[in-house]
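Notes to accompany the following structure.
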Amino acid sequence: MHIQLLLAILAIATIGAASAQEGQACLSSCGNVAITFPFGSGEGCYHSPDFLVTCNQSSGEPFFREMISGGAASAQEGQACLSSCGNVAITFPFGSGEGCYHSPDFLVTCNQSSGEPFFRESNIVISNMSTSKSEMEVMAPVARDCYNSSGRVRRNRISLTLSDFRISAKNKFVAIGCDTQAYFSARRGINGSSYDTGCISRCGRDSLITNGSCSGIGCCEVAVPQEMRYFTIRLSSYNNHTDITELNPCSYGFFVEEGKFNFSTTNLRDFESIRKMPMLLDWAIGNSTCDIAREDADSFLCKGNSECDPDYSGPGYRCRCQEGYEGNPYVANNCTNINECERGTHDCEDECVDTQGSYECSCQKGYSGDGRKQGTGCTPDQSKLIKIVVGTSAGAILLLISVIWLYLGLKKRKLILRKSLVLGTHPKCTRCNLHHLGDCPKCINCRQTGHLARNCRNGDGNQGQRLACYECGSLDHLRNTCPKLKRTPNQGRNRPNLAMAIEGPQDQNIEIPPALGRAYFVGTRENQQNCNNMPGTFF
C-alpha cells in the first residue's frame, strides 16, 4: 500500500516536472523566493489552483492565490500581475497570470528565459500592444515552398484562427518568388462567408526586377479586407522553379504590416533566413455592441473618464479615454487629465488655464477676445487703445516741440553770435580770433571802452591790418564808417602803438584798405580817457 502511494506521488511529480519543463514560460523565482513544481505562476505551471503563485514583478513579492481578487479588479489594482515581459509592456485587458486578463483571448504567456511574450499559448511572439488604438503587433510565421534540382524539398502552410481578434486591414499579403502562385483562404466576421484570393509572381534570369516594387515581377501583393478572423496561406509553383533554383529556390507568402517590408532583389535568394514578419491585429471586447454591453455594469469596461469608441462599429466594443484625458481606457479611473498648459499643446495666445479634460484661454487686463490663436485672439480694449494712441501722440508731439525749440534756440544763439561778431556787440568776446588776427589767449573786456586786449600779440602796423573800430564812449558799438587812422610811434617795447580817432581828414592819415571792410580795431594806451583818442591796438 505504501509502495503504491509512493509510486502515485512519483507519477504526479514526474507529470508535473514534465509539464514544468515543457512550459518554457514558467517562473523559476519571484524576488528571493524559488518557485518549484507543484507550485507555479502561470497557466500550466502549477499542479492545481491551490498551488498557484502570483508574482508581483514590481515589488518582487509572491502571493498566494486566495489573496488575489477577481479578474478585472485585480488587473486594475495591479497587485500581482506582470507589467512587462522583456521589452513589451503588458496592460489590461491583457495579462500573464490567472485573474490578470479579461478573457482567454487576452492571455499573454511570458517566457522568462528569452524575455518573449507569446500570444495565448501559441508560438506567436507579441512585439507590441496598444490599448489606445486597440491593436497588437505579432510576429507571424512565413509560409514557404522550396525546391532544388530534384524537385520540392520543403513546403508549409500557415493558418490562424481568431475570436476577439481580427487581421487588421493595415496589413497586406505579400508573395515573393519567380515561379510563385500564392493565395490565402479567409473568412470575414463570426459567421461570414469564406473566400480565396492571392497573386502571382513570375520572373526569369533576364527579367527586369526592381527594388521596392511588388507589381508581379519577383514580388506581388494583395490588400487585406476588413474583419478577417481566419486565414490559411498556400503556395504552389508552375514549373517547380526549374532553371531558376540558383536565382530563386523558394516561394514565400506572409501577412505584414504596411511600411514594415520593402522588397529587394536579394529577397529572391536570401529570404530563407527570414522566419517571421510583423503583422497587426485588431481587437475588441466580446461580440456585443457597446449599448448592449453597457447593460451589464459589472463586466462593462468603459468606466470613469473612459467611453465607448463611436468610430468602431463592431463586432464587440472598444474603449477610449475621453478627449482631454489619457491612460488605459480599459482600467477603471485610469484615464487622467492632460495638462495642455504645461505641455504647451494649447492654442492660447496669452494665458492658459487648465481644466479637467480641457483648458481655457484668457487675456490680460485691458484686452478682450477668446484668447485663442485660431479664434479672435486678444485685442486691446477701446479705452486702452485710445489711451495708447493719445499717449503715443502726445509723446511724439512733445518730442517734436522739443526738437524744434532746441533747433530754434541753437539757430537764434548762432545768429546772435554771428551778429555780435559782425556788429561788435558780442558780450564777452569769447571768440577773440574774430576781433584780432591770430588766436588770442585772453579777449578784450568789452564792458570797458577802450580797454586793451592783454597778451595779444602785436602786429606790424605797416601792414595796415585792423580788425574793429569802436565809437568812444559806447559799449562795443561799431561805427558805420571807420575813421581814418593816424599812426603814432611805438611808446615802448611791449606797448601797443598809439592811434588817434579823427572825424575828418588830417595830416599823416593812413587810408584804410578797402579789402579790409568796415570793421577795424583802434589801438591806444591804457587809461586813455579822451574820446577823441580811442584806445586800441594795431596788428
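All letters in the sequence shown, in the order written, are residues 29 to 567 by the working numbering. C-beta: ideal position from N, C-alpha, C; glycine also. No experiment lies behind these values; they were computed from the predicted model shown.
Margin query: With DSSP as the reference, identify every bridge partner of V381, one or two as the case may be.
Written below: Here residue 381 is taken as the residue at index 353 of the sequence shown, counted from 1. The partner list for V381 (beta bridge, DSSP) reads E388.
### Query
In or out: V381 buried (at least 16 other Cβ within 10 Å) or exposed?
Walking along the sequence shown from the start, residue 381 turns up at place 353. Looking at its Cβ environment, which holds fewer than 16 other Cβ atoms inside 10 Å, V381 is exposed.
### Query
How many Å lie between S221 and I186 at the Cα?
For the purposes of this step, residue 221 is identified with residue 193 of the sequence shown, where counting begins at 1. For the purposes of this step, residue 186 is identified with residue 158 of the sequence shown, where counting begins at 1. Using only the alpha carbons, I get a separation of about 20 Å.
**Report entry** Own chain partners of L443 with C-beta closer than 6 Å, once the 5 adjacent residues on each side are dropped
**Finding:** Within the sequence shown, residue 443 is the residue found at index 415, counting from 1. In the same chain as L443, and ignoring 5 residues on each side of it, no C-beta atom comes closer than 6 Å to its own.
- Message: Looking at N199: is its Cβ nearer than 8 Å to the Cβ of M307?
- Response: To locate residue 199, count along the sequence shown from 1; it is residue 171. To locate residue 307, count along the sequence shown from 1; it is residue 279. Their beta carbons are under 8 Å apart, which means N199 touches M307 by this criterion.
- Which residues in the same chain as Y358 place their Cβ atom closer than 7 Å to its Cβ, once the five residues preceding and following it in sequence are excluded? On the sequence shown, position 330 is the one that residue 358 refers to. Cβ neighbours of Y358 within its own chain (closer than 7 Å, five residues either side excluded): F120, P121, T159, L329 and C347.
| said: In whole angstroms, give me the CA-to-CA distance for S265 and S162. | reply: Counting from one through the sequence shown, the residue named residue 265 turns up at place 237. Counting from one through the sequence shown, the residue named residue 162 turns up at place 134. Looking at the two C-alpha atoms, the distance is approximately 38 Å.
Exercise. Between S341 and I272, what straight-line distance do the alpha-carbon atoms span, to the nearest angstrom?
Worked result: Reading the sequence shown from its first residue, position 313 is the one you call residue 341. Reading the sequence shown from its first residue, position 244 is the one you call residue 272. Pairing S341 with I272, the inter-Cα distance amounts to about 48 Å.
Mapping DSSP to helix, strand and coil, what is Q254?
-> As a first step, residue 254 must be located in the sequence shown, where it is residue number 226. Coil at Q254, not helix or strand.
Quiz item: Since F211 and R262 are thought to touch, with beta carbons under 8 Å apart, how far apart are those beta carbons, to the nearest angstrom?
Solution: Residue mapping note: residue 211 aligns to position 183 of the sequence shown, counting from 1. Residue mapping note: residue 262 aligns to position 234 of the sequence shown, counting from 1. Inspection of the sequence shows that residue 211 is occupied by Tyr rather than by Phe. Confirmed, about 6 Å.
Check your understanding: Since K200 sits in a beta bridge, which residues does DSSP pair it with?
Key -> Within the sequence shown, residue 200 is the residue found at index 172, counting from 1. Paired residue(s): A251 and V284.
message: Just verifying my parser: in three-state terms, what is the DSSP assignment at A168?
response: Within the sequence shown, residue 168 is the residue found at index 140, counting from 1. When secondary structure is reduced to three states using DSSP, A168 falls in the strand class.
In the DSSP assignment, find the unbroken beta strand (DSSP E) run with D207 in it and report its ends.
As a position in the sequence shown, residue 207 is number 179, starting the count at 1. First-last of the beta strand (DSSP E) with D207: D207 to R216.
Ignore the nearest five residues each way along the sequence and tell me which others in G281's own chain have a CB closer than 6 Å to its CB.
Along the sequence shown, read from residue 1 onward, the residue named residue 281 stands at position 253. Excluding positions up to five away in sequence, the list reads A171, A203, A210, I261 and L263.
- prompt: What do you get for T407, buried or exposed, if any count of 16 or more other CB atoms within 10 angstroms of its CB means buried?
  reply: Along the sequence shown, one-based indexing puts residue 407 at 379. Counting other Cβ atoms within 10 Å of its Cβ, T407 stays below 16 and is therefore classed as exposed.
* Asked: How should T420 be labelled, buried or exposed, when 16 other C-beta atoms within 10 angstroms of its C-beta is the threshold for buried?
  -> Along the sequence shown, read from residue 1 onward, the residue named residue 420 stands at position 392. Here T420 is exposed. Its C-beta has fewer than 16 other C-beta atoms within 10 Å.
List the whole-angstrom C-beta distance separating C376 from G399, where the pair is believed to meet the contact cut-off of C-beta under 8 Å.
The residue you call residue 376 lines up with position 348 of the sequence shown. The residue you call residue 399 lines up with position 371 of the sequence shown. Contact between C376 and G399 holds: CB atoms are separated by about 5 Å, below the 8 Å threshold.
Quick check: what's the CA-CA separation for F147 versus S56? Here the question's residue 147 lines up with position 119 in the sequence shown. Here the question's residue 56 lines up with position 28 in the sequence shown. Using only the alpha carbons, I get a separation of about 21 Å.
Measure the alpha-carbon distance for I63 versus H75 and round it to whole angstroms. Your numbering for residue 63 matches position 35 in the sequence shown. Your numbering for residue 75 matches position 47 in the sequence shown. Distance between the alpha carbons of I63 and H75: 12 Å.
Looking only at C-alpha atoms, which of G232, S301, R194 and L309 sits nearest to E255? Your numbering for residue 255 matches position 227 in the sequence shown. Closest option to E255, Cα to Cα, is R194.
query = When the distance is taken between beta carbons, is C349 closer than 8 Å to S334?
reply = Here the question's residue 334 lines up with position 306 in the sequence shown. Here the question's residue 349 lines up with position 321 in the sequence shown. Yes, the Cβ-Cβ distance between S334 and C349 is below 8 Å.
Q.
Here's the rule I'm using: 16 or more other beta-carbon atoms within 10 Å means buried, otherwise exposed. How should E285 be labelled?
A. Stepping through the sequence shown from its first residue, residue 285 is reached at position 257. Per the 10 Å Cβ criterion, buried.
**Item:** Continuous beta strand (DSSP E) stretch holding L308: start and end
**Value:** In the sequence shown, residue 308 corresponds to position 280, counting from 1. K304 to W311 is the span of the beta strand (DSSP E), which, as asked, contains L308.
For D409 and Y25, the rounded distance between their alpha carbons: Limits of the chain in this structure are 29 at one end and 567 at the other, which puts residue 25 out of reach.
Practice prompt. Specify the secondary structure class of F259 as computed by DSSP and reduced to three states.
Written response: For the purposes of this step, residue 259 is identified with residue 231 of the sequence shown, where counting begins at 1. Three-state result, F259: strand.
Practice prompt. Using three-state DSSP, classify Y435 as helix, strand or coil.
Written response: For the purposes of this step, residue 435 is taken as the residue at position 407 of the sequence shown. Three-state DSSP puts Y435 in a helix.
Could you check which residue in A360, C83 and S235 has the C-alpha nearest to that of G125? For the purposes of this step, residue 125 is identified with residue 97 of the sequence shown, where counting begins at 1. With distances taken between Cα atoms, G125 lies closest to C83.
Which residues share a DSSP beta bridge with F289?
Position 261 of the sequence shown, counted from the first residue, corresponds to residue 289. The secondary-structure analysis by DSSP pairs F289 with nothing; it has no beta-bridge partner.
* For G397, three-class secondary structure by DSSP -> Reading the sequence shown from its first residue, position 369 is the one you call residue 397. The answer is coil: DSSP assigns G397 none of H, G, I, E or B.
request  = Tell me the start and end of each unbroken alpha helix (DSSP H) in the stretch 316-389 that is at least 4 residues and wholly inside, in chain order.
outcome  = Runs found: 318-321 and 368-371.
Next on the checklist: My output table needs one value for D298: the three-state DSSP class, helix, strand or coil.
Outcome noted: Within the sequence shown, residue 298 is the residue found at index 270, counting from 1. When DSSP states are grouped into helix, strand and coil, D298 belongs to the helix group.
Point to revise | Assigned exposure category for Y258 - 16 Cβ within 10 Å defines buried | key: As a first step, residue 258 must be located in the sequence shown, where it is residue number 230. Using a 10 angstroms sphere on the CB of Y258, the tally of other CB atoms reaches 16 or more, which defines it as buried.
Exercise for review: Could you name the residues that DSSP lists as bridge partners for N176?
Suggested key: Taking the sequence shown and counting its residues from 1, one reaches residue 176 at position 148. DSSP lists G179 as partners of N176.
Can you tell me whether DSSP reads Y108 as helix, strand or coil? Here the question's residue 108 lines up with position 80 in the sequence shown. The identity of residue 108 in the sequence shown is Ala, whereas the question assumes Tyr. Note: A108 maps to coil in three-state DSSP.
Open item on the list: Based on DSSP bridge pairs, tell me the residues matched to D224.
Closed with: Here residue 224 is taken as the residue at index 196 of the sequence shown, counted from 1. D224 is bridged to S213.
Let me know the secondary structure DSSP gives F65 once reduced to three states. In the sequence shown, residue 65 corresponds to position 37, counting from 1. In the three-state scheme derived from DSSP, where H, G and I count as helix and E and B as strand, F65 is classed as coil.
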